[in-house]
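Residue numbers (the working numbering): 81 to 352. For each residue, glycine too, the CB sits at the ideal point set by N, CA and C. Only a predicted model underlies this, so the values are computations on that prediction, with no experimental measurement involved.
In structure tokens, the structure reads:
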């Protein structure tokens, strides 16, 4: 069976502690039968300050966080989608928020850099986010071929831009993986409805690992990591705290839904 797990964490400012917890959760998911595991955005660090990520940035292809990911994928014989960690960018004072993909031999097979940056004052709260102060936006859509199907990668704020996913869909994407650190306020309002919409309108499975608790910087994240089928059915959900949602990616179910309801063949306006 193609079991996949959306891992939920409550990451802290302590990288070593976060990686230890990530490994425990990967091990637990693998023991439950998962062959693909996805980590949330900022899994290695939820810093006290926006610029803390610059202190742990790594050069692409080398560094302790990337070494950890390769090790964990190989040790537990799982595909790992790690979204995100700070990779050095073009500017010295900024990083790329990179979602990396490793196969079950520990080899890296994909990298997506977050395109839409969260520069927002959250309505009804005093929370203000300016990701562009420390992050360089990516430019390229990324699709990874895997034993589970063609995987389209997105991160957190990307979720709010349906045209992003319409660019992925015509390329034969079967699964959308959307790591996030959705705030408690916006998550309660929009997280599930947006995820289900992306699944329904693209007739794709969606794997959505989220941060889920109160962090050292006082930030509250929504949790509710979930796996959704192409009809918009939530197959499993982890409401809050550390843990994971786990469900089967069924290619026959995907074919059945797309055959019975061929909405993707009826599009009159196509993104280029």
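Kindly indicate which three-state DSSP category residue i falls into: helix, strand or coil?
i: residue 89; result: strand
i: residue 98; result: helix
i: residue 106; result: helix
i: residue 220; result: coil
i: residue 271; result: helix
i: residue 241; result: coil
i: residue 258; result: coil
i: residue 153; result: helix
i: residue 140; result: coil
i: residue 348; result: coil
i: residue 212; result: helix
i: residue 225; result: strand
i: residue 263; result: strand
i: residue 83; result: strand
Using the beta-carbon count (16 or more within 10 Å), is residue i buried or exposed?
i: residue 290; result: buried
i: residue 139; result: exposed
i: residue 56; result: Here the chain covers residues 81 to 352 and nothing more, so residue 56 does not appear.
i: residue 357; result: Here the chain comprises residues numbered 81 to 352, so residue 357 is not present and cannot be evaluated.
i: residue 348; result: exposed
i: residue 122; result: buried
i: residue 249; result: buried
i: residue 142; result: exposed
i: residue 233; result: buried
i: residue 282; result: buried
i: residue 98; result: buried
i: residue 218; result: buried
i: residue 251; result: exposed
i: residue 235; result: buried
i: residue 129; result: exposed
i: residue 102; result: buried
i: residue 174; result: buried
For the beta strand (DSSP E) holding residue i, just list the boundary residues, first then last.
i: residue 249; result: Run containing residue 249: none; DSSP gives neither H nor E here.
i: residue 118; result: 116-119
i: residue 193; result: 188-193
i: residue 316; result: 314-318
i: residue 324; result: 323-328
i: residue 181; result: 175-182
i: residue 199; result: 199-201
i: residue 288; result: 285-288
For residue i, tell me which candidate among the options has the shortest Cα-Cα distance.
i: residue 185; options: 175, 156, 318 and 260; result: 156
i: residue 158; options: 229, 294, 106 and 320; result: 106
i: residue 91; options: 239, 280, 262 and 296; result: 296
i: residue 285; options: 108, 260, 125 and 331; result: 331
i: residue 163; options: 317, 319, 265 and 238; result: 238
i: residue 200; options: 188, 165 and 263; result: 263
i: residue 208; options: 266, 271 and 189; result: 266
i: residue 301; options: 202, 133, 161 and 170; result: 202
i: residue 94; options: 119, 116 and 124; result: 124
i: residue 206; options: 299, 342, 198 and 160; result: 299
i: residue 314; options: 288, 148, 293 and 337; result: 288
i: residue 280; options: 171, 120, 271 and 312; result: 312
i: residue 275; options: 240, 221 and 261; result: 240
i: residue 168; options: 134, 161 and 160; result: 134
i: residue 189; options: 304, 174, 278 and 230; result: 230
i: residue 136; options: 109, 172, 160 and 117; result: 172
i: residue 131; options: 222, 176, 346 and 319; result: 176
Tell me where the alpha helix (DSSP H) around residue i begins and ends.
i: residue 306; result: First-last for residue 306: 305-308, but that is the beta strand (DSSP E), not the alpha helix (DSSP H).
i: residue 233; result: No alpha helix (DSSP H) holds residue 233; the beta strand (DSSP E) holding it covers 229-233.
i: residue 166; result: Unbroken run through residue 166 is the beta strand (DSSP E), 159-168; no alpha helix (DSSP H).
i: residue 338; result: 331-340
Are any of the Cβ atoms in chain D nearer than 9 Å to that of residue i?
i: residue 262; result: Among the chains of the structure shown, chain D does not appear; only one protein chain is present.
- request: Examine the Cβ distances between the region 172-180 and the region 239-249 and report whether three or more of them are shorter than 8 Å.
  value: no
query: Quick one: any contact between the region 308-320 and the region 206-218, if contact means 3 or more CB pairs under 8 Å?
result: no
query: Does the pairing of the region 191-207 with the region 82-97 give three or more beta-carbon distances under 8 Å?
result: no
message: Within 8 Å, do at least three Cβ pairs link the region 222-234 to the region 246-261?
response: yes
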